[in-house]
Amino acid sequence: MTSYRSIKRLKALIPTLRERKRYVSIKIISDEKIEKEEIKNALYENIKNLYGKFALAYLSFRIKFDKDLIILKCNHISLPFIISSLGFLKEINRKKVIIKVLAISGTIKKLKLKSI
Amino acid sequence: MLDAIYFDQNIKEKIEIAKYLGYDELILIFEEINFEKINDTINKLKEIFQMNFYSCILVDNFKKLRKVSNVKAHKQFDLLFVNGINLKINREAVENVFVDGLVNPQQNRDDAGFNHIFAKKALKNNVALIINFNQILNSQNLTREIEKLIELIKIARKYKLKVGIFSFAKTKFDLKDPIIFSSFLYCLGYELKDAKRIVKNSIKDIINENLKKRSEKWIFPGVELI
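If you read the protein sequences in the order shown, they are chains A and B. When the letters of the first sequence are read in order and numbered with our numbering, they come out as residues 1 to 116. When the letters of the second sequence are read in order and numbered with our numbering, they come out as residues 117 to 342.
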């Protein structure tokens, strides 16, 4: 019997089927301290409220934290929709916020360079 | 990049945040008509922040509009915006030569408050369509508001109207990154190229023309001392 762990990873998709990714680094300015989990929940809820669950699935939206940077991952088609949704985020857990988009890139490596 | 913010007591705080977000020029919106005070504050802020500031008067009734829509008064400020609170004032705004922008004509209405007839008049009188993002954000029915905006954008694209999108920030938290505005315009139906152009220098032509008008040599549209 083969265990789940012994199964090898799936072979990578061919380039034509593979999704083109975009990474957006943002900075959240607020008078109070905001936890990472609060940011994650607020961003997901904001997009869900604006576009709905089905669209959220289409956007292939993920959030990553890298030291001070907040990195949003999505596919290249949905990039404007992700960025415009940031404008509708007024507060996180009743703490008022301003969002600044630092950089947009296709790879995390370049994104970090651009965000400095 | 150009943004419009309300002038109030927290103006310095707002300007600093706007500078950080990447704006290099700001339109300051005044609701009170006191030309001396407006020009003084603009000059003081220019000295402090080393930025370009433009004065703008926002009117929402006929009485105020009549007071400022004449050659003598128009030389005292840079821009004149009309808040589109009802259909009558929307019509008056697009027919008035002195008006530079009509702000959110869809306010308090079920429809866009702006049609092809208004668009033709606006194009003739060089009146831009201004989107107040803060008001849309705080509206009770966001879905309906966005629906009306899509209709407005459709008309504006068809008649090649000048469009501007500004935050109209009352507090520092109302300020938005310029890239958010360009993405929002793309979502509403603009091409990405046009959306970026609108955010970068949407009503710059109108401002430059109005700055010319403020000189003593300018008499009336088409009449100038050489």
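For each residue, glycine too, the CB sits at the ideal point set by N, CA and C. The model shown is predicted, which means the values in this text are computed figures rather than measured ones.
Based on the DSSP secondary-structure assignment, which residues constitute the bridge partners of D119/B? Taking the second sequence and counting its residues from 1, one reaches residue 119/B at position 3. DSSP lists L142/B as partners of D119/B.
Just checking my contact of F193/B with S171/B at CB under 8 Å: how many whole Å lie between their CB atoms? Against the second sequence, residue 193/B aligns to sequence position 77. Against the second sequence, residue 171/B aligns to sequence position 55. Yes, they are in contact, since the Cβ atoms of F193/B and S171/B sit about 4 Å apart, within 8 Å.
Tell me whether the beta-carbon of D290/B lies closer than 8 Å to the beta-carbon of K100/A. On the second sequence, residue 290/B is found 174 positions in, with the first residue counted as 1. On the first sequence, residue 100/A is found 100 positions in, with the first residue counted as 1. Here D290/B is not near K100/A, since their CB atoms are 8 Å or more apart.
Chain A beta carbons: is any one of them nearer than 8 Å to that of S318/B? Counted from its first residue, the second sequence places residue 318/B at position 202. No, no contact with chain A.
Could you pull out every unbroken beta strand (DSSP E) segment of at least 3 residues lying fully inside the stretch 220-267 of chain B, listed in chain order? Taking 3 residues as the minimum length, the beta strand (DSSP E) runs contained wholly in the stretch 220-267 of chain B are 244-248, in order along the chain.
Alpha carbon to alpha carbon, what distance is there between T107/A and P15/A? Counting from one through the first sequence, the residue named residue 15/A turns up at place 15. Counting from one through the first sequence, the residue named residue 107/A turns up at place 107. Roughly 16 Å separates the two Cα atoms.
Does any CB atom of chain B fall closer than 8 Å to the CB of P15/A? Residue 15/A sits at position 15 when you count from the first residue of the first sequence. No, because no Cβ of chain B sits closer than 8 Å to the Cβ of P15/A.
For N46/A versus F88/A, is the C-beta spacing smaller than 8 Å? On the first sequence, position 46 is the one that residue 46/A refers to. On the first sequence, position 88 is the one that residue 88/A refers to. Taking 8 Å as the Cβ cut-off, N46/A and F88/A qualify as a contacting pair.
Rounded distance between the beta-carbons of I158/B and F178/B, thought under 8 Å: For this step, residue 178/B is matched to residue 62 along the second sequence. For this step, residue 158/B is matched to residue 42 along the second sequence. In this structure F178/B does not touch I158/B by the C-beta definition: roughly 26 Å separates them, more than the 8 Å allowed.
What does R18/A pair with, by DSSP beta-bridge criteria? Locating residue 18/A in the first sequence gives position 18, where the first residue counts as 1. None; R18/A has no bridge partner.
For the putative contact between G305/B and I266/B, defined by C-beta atoms under 8 Å, what is the C-beta separation to the nearest angstrom? Residue mapping note: residue 305/B aligns to position 189 of the second sequence, counting from 1. Residue mapping note: residue 266/B aligns to position 150 of the second sequence, counting from 1. With a Cβ gap of about 6 Å, G305/B and I266/B count as contacting.
Could you please give the first and the last residue of the uninterrupted alpha helix (DSSP H) stretch that includes I149/B? Numbered from 1 along the second sequence, position 33 holds the residue referred to as residue 149/B. Note, I149/B: premise wrong, no alpha helix (DSSP H); not H, not E.
Output needed in chain order: residues of the stretch 71-85 of chain A with a Cβ under 7 Å from some Cβ in chain B. Those residues of the stretch 71-85 of chain A that come within reach of chain B (Cβ to Cβ, closer than 7 Å) are P80, F81, I83, S84.
Enumerate, from N- to C-terminal direction, the unbroken alpha helix (DSSP H) stretches of 4 or more residues contained entirely within the stretch 289-334 of chain B. Fully contained in the stretch 289-334 of chain B are the following alpha helix (DSSP H) runs of length 4 or more, in chain order: 294-304, 308-317, 320-329.
Beta-ladder partner(s) of L174/B, from DSSP: Here residue 174/B is taken as the residue at index 58 of the second sequence, counted from 1. According to DSSP, which records beta bridges pairwise, L174/B is partnered with F197/B.
Assign I342/B to one of three DSSP states: helix, strand, or coil. Working through the second sequence from its first residue, we reach residue 342/B at position 226. Note: I342/B maps to coil in three-state DSSP.
Inter-residue Cα distance where the pair is V288/B and L17/A: For the purposes of this step, residue 288/B is taken as residue 172 along the second sequence, with counting starting at 1. For the purposes of this step, residue 17/A is taken as residue 17 along the first sequence, with counting starting at 1. With the sequence shown as reference, residue 288/B is identified as Lys, and Val is not the correct amino acid for it. Taking the straight line from one Cα to the other gives about 44 Å.
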